[in-house]
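There are 2 protein chains.
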Amino acid sequence: MAAAFSCPVFLPSTFSYNGNRYHGRIKIKINATSSTKVKTLNEIAGAGKGSSSLATSTEIGHLSQEQIRQRIPTKKQLVDPYRQGLIIERGVGYRQTVVVRSYEVGPYKTATLESLLNLFQETALNHVWMSGLLSNGFGATHGMVRNNLIWVVSRMQVQVDHYPIWGEVLEIDTWVGASGKNGMRRDWLIRSQATGITYARATSTWVMMNEKTRRLSKMPEEVRDEISPWFIDKRAINEDVPEKIVKLDDNARYVNSDLKPKRSDLDMNHHVNNVKYVRWMLEVKIKALPSIYINSLKFHINLKIITTSFFLQTIPDKFLESHQLSGIVLEYRRECGSSDRVQSLCQPDEDETLTNGVEQSLLKNMILTPGIMEGNGYLGPLDVKSYGYTHLLQIKGDSKNEEIVRGRTRWRKKLSTLPYSS
Amino acid sequence: MAAAFSCPVFLPSTFSYNGNRYHGRIKIKINATSSTKVKTLNEIAGAGKGSSSLATSTEIGHLSQEQIRQRIPTKKQLVDPYRQGLIIERGVGYRQTVVVRSYEVGPYKTATLESLLNLFQETALNHVWMSGLLSNGFGATHGMVRNNLIWVVSRMQVQVDHYPIWGEVLEIDTWVGASGKNGMRRDWLIRSQATGITYARATSTWVMMNEKTRRLSKMPEEVRDEISPWFIDKRAINEDVPEKIVKLDDNARYVNSDLKPKRSDLDMNHHVNNVKYVRWMLEVKIKALPSIYINSLKFHINLKIITTSFFLQTIPDKFLESHQLSGIVLEYRRECGSSDRVQSLCQPDEDETLTNGVEQSLLKNMILTPGIMEGNGYLGPLDVKSYGYTHLLQIKGDSKNEEIVRGRTRWRKKLSTLPYSS
Numbered sequence: 177m178a179a180a181f182s183c184p185v186f187l188p189s190t191f192s193y194n195g196n197r198y199h200g201r202i203k204i205k206i207n208a209t210s211s212t213k214v215k216t217l218n219e220i221a222g223a224g225k226g227s228s229s230l231a232t233s234t235e236i237g238h239l240s241q242e243q244i245r246q247r248i249p250t251k252k253q254l255v256d257p258y259r260q261g262l263i264i265e266r267g268v269g270y271r272q273t274v275v276v277r278s279y280e281v282g283p284y285k286t287a288t289l290e291s292l293l294n295l296f297q298e299t300a301l302n303h304v305w306m307s308g309l310l311s312n313g314f315g316a317t318h319g320m321v322r323n324n325l326i327w328v329v330s331r332m333q334v335q336v337d338h339y340p341i342w343g344e345v346l347e348i349d350t351w352v353g354a355s356g357k358n359g360m361r362r363d364w365l366i367r368s369q370a371t372g373i374t375y376a377r378a379t380s381t382w383v384m385m386n387e388k389t390r391r392l393s394k395m396p397e398e399v400r401d402e403i404s405p406w407f408i409d410k411r412a413i414n415e416d417v418p419e420k421i422v423k424l425d426d427n428a429r430y431v432n433s434d435l436k437p438k439r440s441d442l443d444m445n446h447h448v449n450n451v452k453y454v455r456w457m458l459e460v461k462i463k464a465l466p467s468i469y470i471n472s473l474k475f476h477i478n479l480k481i482i483t484t485s486f487f488l489q490t491i492p493d494k495f496l497e498s499h500q501l502s503g504i505v506l507e508y509r510r511e512c513g514s515s516d517r518v519q520s521l522c523q524p525d526e527d528e529t530l531t532n533g534v535e536q537s538l539l540k541n542m543i544l545t546p547g548i549m550e551g552n553g554y555l556g557p558l559d560v561k562s563y564g565y566t567h568l569l570q571i572k573g574d575s576k577n578e579e580i581v582r583g584r585t586r587w588r589k590k591l592s593t594l595p596y597s598s
Numbered sequence: 177m178a179a180a181f182s183c184p185v186f187l188p189s190t191f192s193y194n195g196n197r198y199h200g201r202i203k204i205k206i207n208a209t210s211s212t213k214v215k216t217l218n219e220i221a222g223a224g225k226g227s228s229s230l231a232t233s234t235e236i237g238h239l240s241q242e243q244i245r246q247r248i249p250t251k252k253q254l255v256d257p258y259r260q261g262l263i264i265e266r267g268v269g270y271r272q273t274v275v276v277r278s279y280e281v282g283p284y285k286t287a288t289l290e291s292l293l294n295l296f297q298e299t300a301l302n303h304v305w306m307s308g309l310l311s312n313g314f315g316a317t318h319g320m321v322r323n324n325l326i327w328v329v330s331r332m333q334v335q336v337d338h339y340p341i342w343g344e345v346l347e348i349d350t351w352v353g354a355s356g357k358n359g360m361r362r363d364w365l366i367r368s369q370a371t372g373i374t375y376a377r378a379t380s381t382w383v384m385m386n387e388k389t390r391r392l393s394k395m396p397e398e399v400r401d402e403i404s405p406w407f408i409d410k411r412a413i414n415e416d417v418p419e420k421i422v423k424l425d426d427n428a429r430y431v432n433s434d435l436k437p438k439r440s441d442l443d444m445n446h447h448v449n450n451v452k453y454v455r456w457m458l459e460v461k462i463k464a465l466p467s468i469y470i471n472s473l474k475f476h477i478n479l480k481i482i483t484t485s486f487f488l489q490t491i492p493d494k495f496l497e498s499h500q501l502s503g504i505v506l507e508y509r510r511e512c513g514s515s516d517r518v519q520s521l522c523q524p525d526e527d528e529t530l531t532n533g534v535e536q537s538l539l540k541n542m543i544l545t546p547g548i549m550e551g552n553g554y555l556g557p558l559d560v561k562s563y564g565y566t567h568l569l570q571i572k573g574d575s576k577n578e579e580i581v582r583g584r585t586r587w588r589k590k591l592s593t594l595p596y597s598s
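For the protein sequence lines, the chains are H and E, in the order given.
Note that our numbering numbers the first sequence so that position 186 is 362, with each residue one more than the last.
Note that our numbering numbers the second sequence so that position 374 is 550, with each residue one more than the last.
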């Protein structure tokens, strides 16, 4: 019960990974110049003890190379020493310790939003990995594979209070819950391992799609029996009524009509990855630039992502130092094909007062969070002017355009300090 | 003594990360809804015990937030539980266990070359991290910072025998050695943790540059004293005479003249990352496509990277299934500025016999590797037809073009199986 953030795309063929499965008995010879290890398959199959219960001696002859190399557990595991993961929350939640890597940060040493989204995906999949339910797919359970079902995300919301820095140790918690009758919610919390301070929170909702018909599906009883024991009623983000995201049209101030899915955008499920959508949403170009709209430029200058806007190269460093993305909501509407041509639209809020739903939700969470208002050295939410933007990704059609995803982003001044009190 | 794969770019200003350093006494309050931990700074400063000797109680008042969050060790460490790293090779080498993450693989579940390059950078930096020599920079030692010196890479060579798959546990070894009088070599080996089979090997050479004058520098005695105790005479790749890479000109078959460094291409040292160079090298477009050159298309279809070539979208899947990048050599010539416009040229080898230096080097290593010729189910090197390409990245100037990097790539049929013998 995980799901990766992907929108399935239509590709003409399926691909059987690594072709040959091996069905005979196997002896292993080693071609390592610097290693003197020589292991038999029995040793290899047993090597994952504690983290994997995959192999028994009778099964070995039927293990594929892929199975030997991946060692996906077939039973629930409580600890995974390689992934530094463990089961929490009375046996149903997952916590992973991760270090922010050098290539996950941007020029200011802080992790990019893209890196956080990648870590959400990774921990979600590792949660399913630990559950013993993971089948040969991208987060699909055995029951889902039997029913040709895959996960598709319908909504994703992320709030970032503080961006972690290079070398920082994080704890990422993730868990799942029910969402309506046929859906699933997955939430995340990112905390500093050293201080326990919450850096980011996220929530997402998922539904099942038939891989062949590409139609949404009810959750079969077989699948419900697998995943519902893992559901808990706890939320990373408190939000009573999700805000409505308006649909943009050609009057939007920023646009980029030159976006194409590439092979490199496809993940192992041959889907365009969610991270790519976020890149696209922010790859907008300025159609016109009246000086009164200078505030809206702040939108452009924070996400350290690939962008085609020449304008980006000329933004003063002081903007980059002072603002960051604080919240994002994505609503997925339809699949995006690998041959589709995608257009990205963006519109800044005209009214910068705090009447916006995302902002209210953000504010509410901040107020609900104990201690956050008490720090003297901390710019509390009431000091923070934030800027909102509405986004739309759509497929350019001959007769009509089709929506892929609607989005909202919030931006605010960077906090000068972490919430330490003096 | 590590160094990240970066080419310094000229940016107008320096940026002091996270502005304020905190100099008073600090009490910590926690704003975590799901965590009941409340730690004092003493606990936090002591939390890294075993992996960090950074903080003593007398130092605490002077720790910056960044120091508290990063906890870079000031003394040599033997084990880093968070990074799963340990010191090997009689105290001077570094080994890190990593799991191939879901977002590090391409559509065929195998790690991308880009991911391997990222892991090389990460382990190199973590090696310096463990040494206690890491200063506040991107792999620079304390002595280097005192002398305004940064590392720049002059050459990088990677050979990939097998691409690891999603979920696979790897051991990455890295170590350094002398390179001439003023340079340093850094090597890497990637092995399967389960079998000990070597998947990839890499070597690189580094020199020092004065950060202010942008001129190459001799290695000061102070720096030599820091890093030379870590030097060992061991090589991941056996190569007596590095092959010469010819310089391409406008007659090259593939070209992309539309490449611009973007903010998102800059790493925390405000440099264009080496990984970006590899992307650029392979972001070439076909100027013409005579059908007799169909073999050369194989170059385009393997690296799962961002590319602007529409052509890529239409390559038959059977090519993708059957070929992969097996070797790459990069020779760095000069810095690339953030305002430069970069052109990427590429030329396939006309003569596909095994007379090429890279190929010979590859072949020699394969033969030197015990056991590799013995596997019956394994396509040995003599069965493997490989395809070579020469690359050039240059800055388009008004009067003349300036070279940034020359490259060679080798491509070969994917092995149908790992080297197990039956």
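Virtual Cβ for every residue (Gly too), placed ideally from N, Cα, C.
Across the structure, H:S291 and H:E280 are spaced so that their CA atoms are roughly 6 Å apart. The beta carbons of H:N312 and H:V304 sit about 12 Å from each other, so the pair does not count as a contact at 8 Å. The three-state secondary structure of H:R455, taken from DSSP, is helix.
For E:V345, the chain H residues whose C-beta falls within less than 7 Å of its own C-beta are Y258, listed in chain order. E:I264 and E:Q369 have their C-alpha atoms spaced approximately 15 Å apart.
With respect to the C-alpha of E:M384, the residue from E:V451, E:F314, E:F296 and E:D409 having the closest C-alpha is E:F314. Ranked by Cα distance from E:E402, the options E:H318, E:A300 and E:S575 are led by E:H318. Distance check between H:P524 and each of H:W406, H:I421 and H:Y565 places H:Y565 closest, using alpha-carbon atoms only. Secondary structure note for E:L295: its alpha helix (DSSP H) is the uninterrupted segment L289 to S307.
Three or more beta-carbon pairs separated by less than 8 Å are not found between the segment 411-431 of chain E and the segment 259-279 of chain E, which leaves the two stretches without contact. Between E:S311 and chain H, the shortest Cβ-Cβ separation is not below 9 Å. In summary, H:L435 is buried, with 16 or more beta-carbon neighbours lying within 10 Å of its beta-carbon over all protein chains present. With its beta carbon less than 9 Å from one in chain E, H:F314 belongs to the interface. The shortest CA-to-CA distance from H:K452 to any of H:S355, H:Y375, H:E397 and H:S514 is the one to H:S514.
Secondary structure at H:R586: strand, using DSSP grouped into helix, strand and coil. Close to chain E, meaning a Cβ-Cβ distance shorter than 7 Å, is no residue of the segment 324-338 of chain H at all. CA-CA distance, H:E511 to H:V329, rounds to 11 Å. DSSP places E:M384 inside the beta strand (DSSP E), whose first and last residues are T374 to N386. Inclusion of H:S404 and H:R517 in the CB contact set at 9 Å is not warranted, their separation being larger than that value.
Comparing alpha carbon positions, the residue from E:S502, E:N324 and E:V334 closest to E:L293 is E:V334.
Chain-order list of chain H residues neighbouring E:N294: Y279, by C-beta distance under 7 Å. By the CB criterion at 9 Å, E:W406 and E:S502 fall outside the cutoff. By the Cβ test, the segment 387-401 of chain E is not in contact with the segment 336-351 of chain E, since fewer than three Cβ pairs between them sit closer than 8 Å. Between the alpha carbons of H:L262 and H:D349 lies a distance of about 10 Å.
Around the beta-carbon of E:P257, fewer than 16 other beta-carbon atoms lie within 10 Å, marking it exposed.
Interface residue (Cβ-Cβ distance to chain H less than 9 Å): E:V518 is not classified as such.
Taken in chain order, the complete beta strand (DSSP E) segments of 3 or more residues contained in the segment 331-371 of chain H are 345-355 and 359-368. E:V399 and E:I248 have their C-alpha atoms roughly 19 Å apart. The beta carbons of H:D426 and H:L521 sit closer together than 9 Å. Inter-residue distance for H:A428 and E:V431 is about 35 Å (C-alpha atoms, whole angstroms). Under the three-state reduction of DSSP output, E:E507 falls in the strand class. The beta carbon of E:M395 sits closer than 7 Å to the beta carbons of N358 and M384 from its chain, once the five residues preceding and following it are set aside; these are given in chain order. The beta carbon of H:V451 falls within 9 Å of a beta carbon belonging to chain E, placing the residue at that interface. Looking from the CA of H:K590, the closest CA among H:G267, H:V352 and H:Y284 belongs to H:Y284. Looking at H:K423, H:K561 and H:E298, the one whose alpha-carbon comes closest to that of H:N450 is H:E298.
Partner residues in the beta bridge of H:D256, as assigned by DSSP, are H:G261.
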